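S.K.: I am attaching a structure below and will ask some questions about it afterwards.
Protein chains in written order, with the numbering used here: chain X, 994 to 1019; chain B, 71 to 335.
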């Protein structure tokens, strides 16, 4: 399974990014 | 989303739907997550809302996302010989793609008074990580590495930074890849110069960097007041329910990009 690393500074929105990626799927 | 990760991702999604950005407890709860992406059975592809419930076979791909938190601190640990605190280093060094978040509110008006912008530390940390990744791979490794830049909070970008970079307020559409790359590079060349140099250096041995792709994230918010933090603004959807007002087109294009990377990997 391909690995995708998410990086960002503190409070740059990493978790929100994943939640929106989830939102876009459903 | 993988069943094993459903609880964590649902929690942050529900927080957004109740108007709040993820809190620290929810953030701590997620270190990696699996997604399975594919097309619904439809002739129009992933971007179409007209789709049936059935999945189209042969189009699906599984993706494993790893979150590397506090990159600066993690890279200091790594440089001093310690392993990364929260994730498996191998997952990071052997990754197929990297989503590099660029906090748009920190894009600086680079000028004489501020020659290096405000992202110098982050730029150095990303560069170190890419160097580690490059060193860990065998020379001539045929596996390509896909850098993806995601500008987060782009609705709150400093307009002066855009003027200074001589670009419009709104980025070119998701299909206009050449114009979009030029737009993004106008911001990245001054704010993340070391990272960009690393990725575009043709002489780099050990890792084949694919051309980067660029996405812009926006979530409609109510501005913070004295007592309240930024709140997520919701919209009434066609069916009368509440919906997030965010750049869904960008996220769908990104999912499509990731699915392509996965099928080539």
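Just so you know, even glycine gets a beta-carbon here, dropped at the ideal spot from N, CA and C.
Every value quoted in this text rests on a predicted model; they were computed, and no experiment measured them.
1) Are residue 166 (chain B) and residue 335 (chain B) touching if we call contact CB-CB under 8 Å?
2) Considering Cα atoms alone, identify which of B:73, B:89 and B:197 is closest to residue 299 (chain B).
3) Would you mind reading off the limits of the beta strand (DSSP E) that contains residue 168 (chain B)?
4) Exposed or buried, residue 311 (chain B), counting other C-beta atoms within 10 Å across all chains shown (16 or more means buried)?
5) In this structure, how does DSSP classify residue 104 (chain B) when only helix, strand and coil are distinguished?
6) Candidates B:308, B:192 and B:80: which alpha carbon is nearest residue 100 (chain B)'s?
7) For residue 260 (chain B), tell me which candidate among B:72, B:203 and B:193 has the shortest Cα-Cα distance.
8) Under 7 Å between beta-carbons, which chain X residues line up against residue 97 (chain B)? List them in chain order, please.
9) Give a yes or no on contact between the stretch 225 to 237 of chain B and the stretch 994 to 1008 of chain X, applying the rule of three or more CB pairs nearer than 8 Å.
10) So which residues of chain D does residue 167 (chain B) contact, with C-beta pairs closer than 9 Å?
11) Would you kindly report the start and end of the unbroken beta strand (DSSP E) that includes residue 238 (chain B)?
12) What does a CB cutoff of less than 8 Å around residue 264 (chain B) pick up in its chain, not counting 5 residues either side in sequence?
13) What three-state label does DSSP hand residue 220 (chain B) in the structure shown?
14) For the putative contact between residue 173 (chain B) and residue 222 (chain B), defined by C-beta atoms under 8 Å, what is the C-beta separation to the nearest angstrom?
15) Against chain X, with Cβ distances strictly below 8 Å, would residue 83 (chain B) count as a contact?
16) Could you give the residue range of the beta strand (DSSP E) that holds residue 131 (chain B)?
17) Output needed for residue 130 (chain B): all residues of its chain with C-beta closer than 7 Å, excluding positions within five of it in sequence on either side, in chain order.
18) Taking Cβ positions, are residue 277 (chain B) and residue 215 (chain B) nearer each other than 8 Å?
19) Please list, in chain order, the chain X residues whose beta carbon lies closer than 9 Å to that of residue 154 (chain B).
20) Please state if the CB of residue 102 (chain B) and the CB of residue 71 (chain B) are separated by a distance shorter than 8 Å.
21) Here's a check: name, in chain order, each residue in its chain whose Cβ is nearer than 8 Å to the Cβ of residue 287 (chain B), leaving out the five neighbours to either side.
M.R.: Inspection of the coordinates gives the following:
1) yes
2) The shortest C-alpha separation from residue 299 (chain B) is found at B:89.
3) 167 to 173
4) exposed
5) Three-state DSSP puts residue 104 (chain B) in a strand.
6) B:80
7) B:193
8) 1008
9) no
10) Going by chain labels, chain D is absent from the structure shown, which instead holds the protein chains X and B.
11) Unbroken run through residue 238 (chain B): none, as it is neither H nor E.
12) 193, 194, 196 and 197
13) If DSSP states are grouped into helix, strand and coil, residue 220 (chain B) belongs with the strands.
14) 6 Å
15) It does: the Cβ of residue 83 (chain B) has a partner Cβ on chain X nearer than 8 Å.
16) 131 to 138
17) 106, 107 and 108
18) Yes, these two residues count as a Cβ contact at 8 Å.
19) By Cβ distance, chain X contributes nothing, its closest Cβ being about 11 Å from residue 154 (chain B), past 9 Å.
20) no
21) 220, 221, 222, 223, 224, 316, 317, 320 and 321
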